[in-house]
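Chains as they are written, first to last, in the numbering used here: chain B, 1 to 556; chain U, 1 to 303.
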C-alpha cells in the first residue's frame with residue numbers, strides 16, 4: 001500500500017504575541033507521508049518543527065493558533081475534528097514521544113502503570129492484556145529484563161532506557177502515526193545509537209508511519225525516508241534523504257550538512273599539533289593535574305576520580321571525553337576549586353593550588369575560569385548583561401563603573417554581539433547569544449585557563465559550530481588554554497590538541513588528537529568512535545555488528 | 001523564532017495591562033486607606049479621645065450633647081467618643097504598626113532564611129531547629145507571655161509580633177533560596193570567589209523577590225489580624241489610643257443594645273471597625289492573588 005497516509009497542505013500556525021496581533025511562525029508547510037515511511041523535520045530551534053508536528057495531531061501550544069491549511073490523516077481532516085473527536089484519536093491513531101522522557105514520566109508511579117494508561121483509560125484492553133502488550137513491546141525495544149522492568153519506577157532505569165519506555169508508551173495502542181520529537185538529543189552518543197536502533201526496528205516491524213523531529217542531520221539520515229528542511233517556519237528543501245544529503249540545492253541545507261555531528265573526514269580538519277607544540281611541550285605546562293583522586297559525600301566516600309593526571313598548555317586545548325558518569329565534570333570542578341581532592345594536587349604555573357575556593361587567592365581564581373554547560377541557567381535571569389559582565393571586572397580588577405561599562409562594550413564586540421545587548425536580560429537573548437555571553441563572562445577575568453563544560457551540547461549544530469569558531473579565534477588571540485569537556489567525540493576532535501578519554505573516573509587513553517584518532521584504538525575509544533553517526537543512510541545498519549564486538553571488548 | 005515584542009516591554013506595564021476591575025477597586029480602597037493613615041488628623045472630624053456625648057452608644061447621625069453643634073456621623077462609642085474619628089485614628093495605628101511588623105519580620109526572616117540556605121549543613125540545621133521550636137508554640141501564646149511580662153508599648157508589640165512572623169518568613173525564604181542556590185549562576189558566582197553578602201543579596205534576592213512580595217501581602221494581613229486580636233484581648237494597643245481591634249472589644253456591648261432595643265444600628269457601631277479590618281485584608285489578599293497569577297510566581301509548597 002503506497003497511499004498517502006498523512007497529508008499536510010499549506011499549514012499555517014501563528015503565535016498570539018499581543019492581545020490582537022498574530023505573528024506567523026509556520027508558513028505554508030506541505031508534506032506527505034506514505035504508510036510505513038518516516039519523514040524528518042529538521043531545522044534550528046525556533047524553526048517551527050515541533051509546532052508542525054503538534055499541528056499534525058490538531059494541537060497548538062497555548063498562545064498559538066492554527067490559522068490555515070489542512071492535515072488529512074488517512075481519510076479524516078484533523079483540523080476539522082471537534083475537541084472530543086480529537087481526543088479520541090490522539091494516543092490511539094497518533095502518538096507523541098517528547099524530547100525529555102525524564103520530564104514526561106511521573107516519578108511516583110511504576111513504569112507499566114504509565115505505559116498502559118492510554119489503553120486502560122480508553123477501555124481498549126483489559127489490564128492483563130495491556131500488561132502483556134507492554135512486555136512484548138519492551139522485548140521488541142531490546143530493554144533488559146522485559147518481564148520485570150515495568151515494575152520499576154522511572155528513576156530506577158537509565159536515560160536511554162526511559163526514552164525507549166516512552167516509545168513503548170506511545171506504541172501500546174498501535175498508532176498509525178508516531179511523532180518523535182528530538183528523542184535522542186539529550187542522550188550520550190553511545191546511548192543514542194541504541195535508542196535509534198530500537199526506534200528504527202520498531203517502525204519497520206510495526207509498519208508505522210513516523211515524523212522524526214531533530215536538529216541533527218546525521219541522526220536523521222539513519223531513520224528517515226524523506227527530509228523536510230525548515231528555517232523560520234518556512235520550507236527550505238523537501239526531498240528523499242539521499243538527495244538532500246548528496247545533492248542539496250539550498251545553501252542552508254549545505255550549512256546544516258557541514259555542521260552535522262560527524263567526524264571530520266579528512267585529517268587536516270583535525271587539529272594537528274605543529275612542530276611548535278612539541279617545543280612547547282618541553283616547556284613547563286600551564287596546568288598540571290597530578291594523580292588526583294576525588295569523590296563526593298563525607299570524606300570523599302563515593303569516588304568519582306581515580307588517580308587522574310592531565311596537563312594543559314597555554315594556547316592549547318585538551319579535550320576530556322566520556323559518557324555521563326565518567327567523572328569528566330568532576331575533573332573540571334576539582335580544577336576550578338569547586339571541589340577539593342582526596343589525594344594528589346593541582347598545580348597552576350608550577351605552584352600548587354589550594355583545594356577550595358575560599359583559600360585560593362583572587363588572582364588564582366581569576367586565572368581559571370569555568371564556562372558552564374547551560375547558559376540559560378548559568379546567567380542570573382534577574383541581572384542585565386551589563387551587570388553579568390561588569391561584576392567580574394569590578395571584582396577582579398576593581399574597575400570603576402565607567403571603565404567597566406566601556407570594557408563590557410568591548411567584550412560584547414569580542415563575542416560578536418552588538419553593544420546594545422548590555423541593557424538586556426538573559427531571557428531576551430537566543431540560546432546561542434546566551435552562550436556567547438557565558439563565554440564573555442569567563443573572558444572578562446582575562447584567564448589563563450578556561451574550563452568549557454559541554455558548552456555546545458545544548459546548542460543547535462549551526463550555532464555550536466559558530467561558538468567553536470569563536471573559541472578558536474579567541475585562543476589564537478589571547479593564548480588561553482582550554483580544558484574542553486564533552487561527550488561528543490566529533491566536537492572534541494575539531495577543537496582539541498590532546499584528548500583524554502575517561503571512563504568510570506579513570507583515564508583510559510591519553511595522547512595527542514591524531515594519536516587517539518588513528519588506529520589502533522583503545523577498546524573504549526573504539527566504542528565511542530563507532531557511535532558517532534556518519535552522514536550516510538546505511539551507516540546504522542552496518543554498525544551493529546562492529547559495535548557489539550567493541551562493546552564486549554570495552555567491557556572486558 | 002524572532003523575539004516576541006512583549007518580552008521587551010517593561011514588566012510593570014505588562015502587569016498593569018492585565019488589571020481586572022476587581023483588582024482596580026481593591027487598589028483604590030488601599031490607596032484610600034493609605035491616604036487616611038497619612039492625613040488622619042486632617043480627616044478625622046474630632047479628636048481621638050474627645051468625648052462628644054454622655055450617652056453610651058449614640059446612634060448614627062445624632063447630635064453630640066456634650067459639645068453643641070457636633071454630629072456623630074457613624075455614632076458614638078461606649079464613652080461617647082466619635083466612632084468615625086476613632087476609626088480614622090485606629091486605622092492609622094493598626095496599619096502602620098502592621099506595616100512596621102511586616103517590614104521587620106521580612107528583614108529578619110529573609111536574611112536568616114537566605115543565610116541558612118546559602119550556608120547549608122550545620123548552620124542550616126541549627127537555625128531551622130530554632131525556628132521549628134518557636135513555631136511549635138501557638139503564636140498568640142508567645143505574644144501574650146512576652147507582652148504581659150514586658151508591658152504593652154508600641155516597641156514591645158512590634159518587635160514581639162515581628163519575631164513571631166519572622167519564623168514564618170524564614171521558612172518561605174529558606175525554601176525559595178534552596179531552589180535558587182543550586183542554580184548554575186550561583187555556582188558561577190562561587191567560582192568567581194564572591195562572598196556570602198553578594199550571593200545572598202545580589203544573586204539570590206532578585207530571584208526570590210516575586211514570591212516574597214506576594215508573601216509580604218499575606219503576612220501584612222495576618223499582622224493586622226494579629227494586633228487586632230491582641231488588642232481585643234486587651235494586650236495590644238492601650239487606651240486612649242485607638243485601634244481597630246481594640247474598638248471592637250470596647251464596643252462589644254453595643255451588640256447587647258442591638259438585641260435589647262431590636263435596632264441593628266447599634267450593632268453597626270461595633271461592626272464598623274471589624275468591617276474596616278475585613279476590607280483591608282480582603283483587598284490586600286485579592287491584589288496578592290492577582291499578582292501571583294499574573295506573574296506566575298507561586299509560593300513554594302514547603303511553608
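Each residue gets a CB set at the ideal place from its N, CA and C atoms; glycine is no exception.
task = Could you spell out the range, first to last residue, of the alpha helix (DSSP H) harbouring residue 26/U?
result = According to the DSSP assignment, residue 26/U belongs to the alpha helix (DSSP H) that extends over 21-38.
ask   = For the beta strand (DSSP E) that residue 560/B lies in, which residues bound it at each end?
value = No statement about residue 560/B is possible, as the shown extent of chain B runs from 1 to 556 and does not include it.
task = For residue 264/U, count neighbouring Cβ atoms within 10 angstroms of its own Cβ and tell me buried if that reaches 16, exposed if not.
result = The residue in question, residue 264/U, is exposed, as its Cβ has fewer than 16 Cβ neighbours within 10 Å.
message = Among the candidates 484/B, 385/B and 472/B, whose CA atom is the shortest distance from the CA of residue 441/B?
response = Of the candidates 484/B, 385/B and 472/B, the one whose C-alpha sits nearest the C-alpha of residue 441/B is 385/B.
ask   = With DSSP run on the structure shown, which of helix, strand or coil describes residue 109/B?
value = Three-state result, residue 109/B: coil.
query = Just the Cα atoms here: how many angstroms apart are residue 316/B and residue 497/B?
reply = If you draw a straight line from the Cα of residue 316/B to the Cα of residue 497/B, it is about 6 Å long.
ask   = How many whole angstroms separate the CB atoms of residue 224/U and residue 280/U, which I take to be in contact at a CB cut-off of 8 Å?
value = Contact between residue 224/U and residue 280/U is confirmed by a C-beta separation of about 6 Å, below the 8 Å threshold.
Helix, strand or coil at residue 558/B according to DSSP, with G and I counted as helix = Because chain B in this structure spans residues 1 to 556, residue 558/B falls outside the shown range and cannot be described.
request  = Say whether chain B places a C-beta atom closer than 8 Å to the C-beta of residue 1/U.
outcome  = Its pLDDT being 37, under 50, residue 1/U is placed unreliably by the model, and the measurement read from it follows with that caveat. Cβ-Cβ to chain B under 8 Å: yes for residue 1/U.
request  = Decide if residue 10/B is buried, meaning its Cβ has at least 16 other Cβ atoms within 10 Å, or exposed.
outcome  = Label assigned to residue 10/B: exposed.
task = Using the Cα positions of residue 96/B and residue 206/B, report the straight-line distance between them to the nearest angstrom.
result = Answer to the nearest angstrom: the Cα atoms are 16 Å apart.
request  = Would you tell me roughly how many angstroms separate the C-alpha atoms of residue 293/U and residue 217/U, rounded to the nearest one?
outcome  = One C-alpha to the other measures close to 14 Å.
ask   = Should the stretch 166-174 of chain U be called in touch with the stretch 346-365 of chain B, which here means at least 3 C-beta pairs below 8 Å?
value = No: fewer than three Cβ pairs fall under 8 Å.
task = Less than 8 Å between the CB atoms is what I'm expecting for residue 380/B and residue 203/U, so what's the real figure, rounded?
result = Confirmed, about 6 Å.
task = Could you tell me the boundaries of the beta strand (DSSP E) in which residue 119/B lies?
result = First-last for residue 119/B: 117-121, but that is the alpha helix (DSSP H), not the beta strand (DSSP E).
ask   = How should residue 138/B be labelled, buried or exposed, when 16 other C-beta atoms within 10 angstroms of its C-beta is the threshold for buried?
value = Buried: at least 16 other Cβ atoms inside 10 Å.
request  = Note down, in chain order, every chain U residue with its Cβ under 8 Å from the Cβ of residue 374/B.
outcome  = Correct list: 184.
request  = Assign residue 129/U to one of two classes, buried (16 or more other C-beta atoms within 10 Å of its C-beta) or exposed (fewer than that).
outcome  = Under this definition residue 129/U is an exposed residue.
task = Identify whether residue 332/B lies in helix, strand or coil by the three-state DSSP scheme.
result = Correct three-state label for residue 332/B: helix.
inquiry  = Is residue 397/B close to chain C? Criterion is C-beta to C-beta, closer than 8 Å.
reply    = Looking at the structure shown, chain C is missing, and the protein chains on hand are B and U.
inquiry  = For the stretch 179-205 of chain U, list every residue whose C-beta sits within 9 Å of some C-beta in chain B, in sequence order.
reply    = Contact residues of the stretch 179-205 of chain U toward chain B are 183, 184, 185, 186, 187, 188, 189, 190, 191, 192, 193, 194, 198, 202, 203 and 205 (C-beta to C-beta distance below 9 Å).
key: Cβ-based neighbour list, residue 302/U, same chain, cut-off 8 Å, excluding 5 preceding and 5 following   = Residue placement at residue 302/U is poorly supported in this model, since its pLDDT is 36, which falls under 50; the coordinates are not used for a value here.
key: Separation of residue 141/U from residue 91/U, as counted between CA atoms   = Roughly 25 Å between the two C-alpha positions.
ask   = For residue 296/B, which residues does DSSP report across the bridge?
value = Residue 296/B pairs with 302/B.
task = Tell whether a beta-carbon distance below 8 Å holds between residue 5/B and residue 209/B.
result = The Cβ-Cβ distance between residue 5/B and residue 209/B falls below 8 Å.
task = Determine, using beta-carbon pairs with one atom in the stretch 364-378 of chain B and one in the stretch 450-459 of chain B, whether at least three such pairs fall under 8 Å.
result = Here the stretch 364-378 of chain B lies against the stretch 450-459 of chain B, with 3 or more beta-carbon pairs under 8 Å apart.
ask   = Helix or strand or just coil, what does DSSP make of residue 35/B?
value = Coil.
ask   = Assuming residue 242/U contacts residue 89/U under a Cβ cut-off of 8 Å, what Cβ separation, rounded to an integer in Å, is found between them?
value = Indeed they touch by this definition, with Cβ atoms about 4 Å apart.
request  = State yes or no: is the beta carbon of residue 212/U nearer than 8 Å to at least one beta carbon in chain B?
outcome  = Not an interface residue.
task = Measure the alpha-carbon distance for residue 202/B versus residue 544/B and round it to whole angstroms.
result = The alpha-carbon atoms of residue 202/B and residue 544/B are separated by roughly 16 Å.
Integer-rounded CB distance, given that residue 318/B should sit under 8 Å from residue 500/B = With a contact defined as Cβ atoms closer than 8 Å, residue 500/B and residue 318/B qualify at about 7 Å.
task = Pull out every residue of the stretch 324-355 of chain B whose Cβ sits closer than 8 Å to any Cβ of chain U, in chain order.
result = Those would be 336, 337 and 338, in chain order.
query = So what does DSSP say about residue 381/B, is it helix, strand or coil?
reply = Here residue 381/B sits in coil by DSSP.
request  = Taking C-beta pairs closer than 9 Å, name the residues in chain U that residue 584/B reaches, listed in chain order.
outcome  = Lying before the first or after the last residue shown, residue 584/B is absent from chain B, which here runs from 1 to 556.
ask   = Leaving out five residues before and five after residue 421/B in sequence, what residues of the same chain have Cβ atoms less than 8 Å from its Cβ?
value = For residue 421/B, where only same-chain residues beyond five positions count, the Cβ hits under 8 Å are 385, 412, 429, 433 and 437.
ask   = Among 356/B, 425/B and 351/B, which residue has its Cα nearest to the Cα of residue 387/B?
value = Closest option to residue 387/B, Cα to Cα, is 425/B.
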